[in-house]
Each structure stands twice: as structure tokens, then as C-alpha cells.
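Position 111, counted from 1, in the sequence shown is what UniProt numbering calls 111; the numbers after and before it change by one each time, with no gaps.
The beta-carbon is built from N, C-alpha and C at its ideal position, and this holds for glycine as well.
A quick note: this is a predicted structure, and the numbers were derived from the prediction, not measured.
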Amino acid sequence: MDVTTALGLTTGVVTVHEALNTNWVARSDLDLVRVVDPPADSWHALHVAGFRVHPSWITWTATVGPSEEAFLERLSGKERRSVRAGQRFVAEHGIATKVVTPLDAQSFDAFGVLYEEQIGAMPHGVPYATMERDEILAQGEDYFAVMAYDADDLVGACVCRIRRDTSTVLIRFATTAPGSRQQRLVRAMYMRAFQTAREMGHTDISLGTDPALYGHMTRPGLFSFKAGLCFTPVPARLFGTTMDDPDEATMVLRLDKLTDPSLLVTYQPAGTAPITRHTPLRLTVLTGDLDTDVSPYGAPFLAGTDLLLVP
Numbered sequence: 001m002d003v004t005t006a007l008g009l010t011t012g013v014v015t016v017h018e019a020l021n022t023n024w025v026a027r028s029d030l031d032l033v034r035v036v037d038p039p040a041d042s043w044h045a046l047h048v049a050g051f052r053v054h055p056s057w058i059t060w061t062a063t064v065g066p067s068e069e070a071f072l073e074r075l076s077g078k079e080r081r082s083v084r085a086g087q088r089f090v091a092e093h094g095i096a097t098k099v100v101t102p103l104d105a106q107s108f109d110a111f112g113v114l115y116e117e118q119i120g121a122m123p124h125g126v127p128y129a130t131m132e133r134d135e136i137l138a139q140g141e142d143y144f145a146v147m148a149y150d151a152d153d154l155v156g157a158c159v160c161r162i163r164r165d166t167s168t169v170l171i172r173f174a175t176t177a178p179g180s181r182q183q184r185l186v187r188a189m190y191m192r193a194f195q196t197a198r199e200m201g202h203t204d205i206s207l208g209t210d211p212a213l214y215g216h217m218t219r220p221g222l223f224s225f226k227a228g229l230c231f232t233p234v235p236a237r238l239f240g241t242t243m244d245d246p247d248e249a250t251m252v253l254r255l256d257k258l259t260d261p262s263l264l265v266t267y268q269p270a271g272t273a274p275i276t277r278h279t280p281l282r283l284t285v286l287t288g289d290l291d292t293d294v295s296p297y298g299a300p301f302l303a304g305t306d307l308l309l310v311p
């Protein structure tokens, strides 16, 4: 077993044999244990043993639709009202949104100031965007940004990549200033990005790529936010992103370093068929409380939701 600690989370990486023949309850030194790229014929046994097989990263996708009205028609009444509230908030507070295309260094660096401040406030945040600054700017023709200004002050921005090979606009990174009614502003910026995708003639949009485990680097609320906008996750390695790590089987042993509940997007146990963009997904809710309400995490793309008790 290889033991690593990253961002405060201690993980044991094991073989299938070790996974199935070890008393993991006794390992109080680990937060979770993981098998990387488990063979398909081991999935059932791993599931019975308490592991859940899942993509390592997921990418959220949707069709952009012919118009904003058509896009909003897909949403629940509550989510539609939230989007409209975000747009009213921007209008009533005089916040102007501007599309910068192609992306230039000045705009990216202005975004980076807000982004690093926001990431720095997270317990386990990683500033992926600014880490990739040179690479992104070298491909500036394939990127644009939506910038939100309150007078001369930048209060929000999202950096979008244009995937011409798949006719997709991918919102890779988004950030807002503290105290700027973040969810409302983000929704307004996303609607502007979606409209830009339509104007460019692209058919699909993406809300980016996340770890399949919500509760460490990302929070369960992010899952609910993206699902509420009627996006569907697919394994990131099938989408052609840089997050092309293989599938994993994970058992969470304790929630000390995770949120309670945490969420894990997993595959629907269904034999050994090859994984595709259409493979059914389930949601495993990891919690120390059997009375945890799982209803906030429902989504139409889920084949089911499981509640898994973590002692």
C-alpha cells in the first residue's frame, strides 16, 4: 500500500487483492482507501466490500439551446427564478458585463487577483487557473472571458475555453469578489457566457471539470448548483480534458477532513460493459447520520441515490 497525504487528506492506494482482504475499519490513520483503474471484473466484489467505483474527474455538459428562453425552459421553476434574480441583481446594481475575446494577459491577470483571493480562503483550494497562466495565454485565441464590473471595480469573471473540435464552450474557471452576492453574480455571468457561445455558433456548453468526490476540494453545494442548471456529468477522460486519470474504486473511512455529508458520483453497477458518456451514474451520499436528507442532491441524470454510513 502506498500512503499519500495531499491537501490534508490521507489516502491509501492499494491493489484489488489488498482492498478485498484488509480490515479497513482498523485503519484509523487513513481518511480513505483507493484502487486505481480496477479491472471491470472486480467491480462487483469491490462494491460488496464497501468500495464505490467512479470516474476520478467529471465534466459537466449541456446543449446551449437556440436561445436563453429555450435554455431556461429546461430548468425547474425555482432555478429559473434564481437565474432571473441574478440578472435583476446585476441590472439593479449597475454591474456591467463585458466579453473579452480573445483572452489577453491584462484581463486574465485581473481575473487572477480575484481568483487567488477566493481560492486562498478555501480550506483545500488549489489555484489551477493561475498555475496554468502561461499555457492559457499561449492559447488566447481559444479563450474568452466574461468580466463583471461595478463602476471601475472588477467584481467577477469567468474564463472560457472554446473547443472547436466539439463545438463546445467550456467555462473553466469562475470567481467573484467577497460580498458580491456570489451565486447571483455567477448565474448572470454564466448566462452571458452561454449567449456568447450561441453567437459564436457553438452547440454545447460545459461548466467545467470537478473531482467526483464533493466534500474536500469542492463542496456538495457545487454539485447541486450545476445539477440545478440541468447539466449532466460525464467522465472527464471521455471529454478530452487534461483530467484524464483512470477510474477509481474508493472507500471513505472517516469524514474528519471531509464535509458531512460528502457526495461521490459513481457508476451504476451494471456488469462489465465499457464506460461511455451514456453509462448510468449514481450518487453516494457519505454521512455519519442515517437521518441525513438526500433530497437536495436529486438530479434527473441519476439512476439512483445511496446513503452510505461512515462511522
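Go ahead and pull the three-state DSSP assignment for residue i.
i           : result
residue 291 : coil
residue 67  : coil
residue 12  : strand
residue 248 : strand
residue 119 : helix
residue 62  : strand
residue 1   : coil
residue 31  : coil
residue 98  : strand
residue 108 : helix
residue 205 : strand
residue 284 : strand
residue 296 : helix
residue 216 : coil
residue 223 : helix
residue 136 : helix
residue 47  : helix
residue 89  : helix
residue 194 : helix
residue 258 : coil
residue 17  : helix
residue 163 : strand
residue 52  : strand
Whole angstroms are fine: how far does the CA of residue j sit from the CA of residue i?
i           : j           : result
residue 209 : residue 305 : 21 Å
residue 277 : residue 35  : 22 Å
residue 19  : residue 46  : 7 Å
residue 104 : residue 250 : 40 Å
residue 295 : residue 134 : 42 Å
residue 50  : residue 121 : 34 Å
residue 274 : residue 136 : 33 Å
residue 301 : residue 65  : 18 Å
residue 71  : residue 161 : 20 Å
residue 123 : residue 68  : 35 Å
residue 244 : residue 196 : 28 Å
residue 311 : residue 290 : 10 Å
residue 177 : residue 215 : 23 Å
residue 27  : residue 248 : 20 Å
residue 9   : residue 3   : 10 Å
residue 181 : residue 88  : 12 Å
residue 163 : residue 48  : 40 Å
residue 39  : residue 131 : 33 Å
Would you grab the beta carbon distance between residue i and residue j for me? Rounded to a whole angstrom, and I think it's under 8 Å.
i           : j           : result
residue 297 : residue 220 : 7 Å
residue 150 : residue 94  : 7 Å
residue 114 : residue 175 : 5 Å
residue 238 : residue 226 : Wrong, their Cβ atoms sit about 17 Å apart, outside the cutoff.
residue 101 : residue 90  : Not really, about 20 Å apart at Cβ, beyond 8 Å.
residue 316 : residue 217 : Residue numbering for the chain in the displayed model covers 1 to 311; residue 316 lies beyond these limits and cannot be assessed.
Check whether the Cβ atoms of residue i and residue j sit closer than 7 Å, and answer yes or no.
i           : j           : result
residue 99  : residue 25  : no
residue 32  : residue 11  : yes
residue 205 : residue 223 : no
residue 14  : residue 1   : yes
residue 60  : residue 233 : yes
residue 30  : residue 253 : yes
residue 255 : residue 228 : no
residue 129 : residue 173 : yes
residue 119 : residue 125 : yes
residue 189 : residue 148 : yes
residue 259 : residue 267 : no
residue 117 : residue 127 : no
residue 37  : residue 246 : yes
Against chain C, does residue i count as a neighbour if the rule is that its beta carbon must be under 7 Å from one of theirs?
i           : result
residue 261 : Annotation note: the requested chain C is absent from the structure, which comprises a single protein chain.
Meets three-Cβ-pair contact criterion under 8 Å: the segment 198–214 and the segment 164–173: yes
The segment 256–267 touching the segment 283–300, judged by at least three CB pairs closer than 8 Å: yes
The segment 129–141 in contact with the segment 63–83 per 3-pair CB rule at 8 Å: no
Meets three-Cβ-pair contact criterion under 8 Å: the segment 52–72 and the segment 181–188: no
Contact the segment 95–112 vs the segment 153–163: 3+ CB pairs below 8 Å: yes
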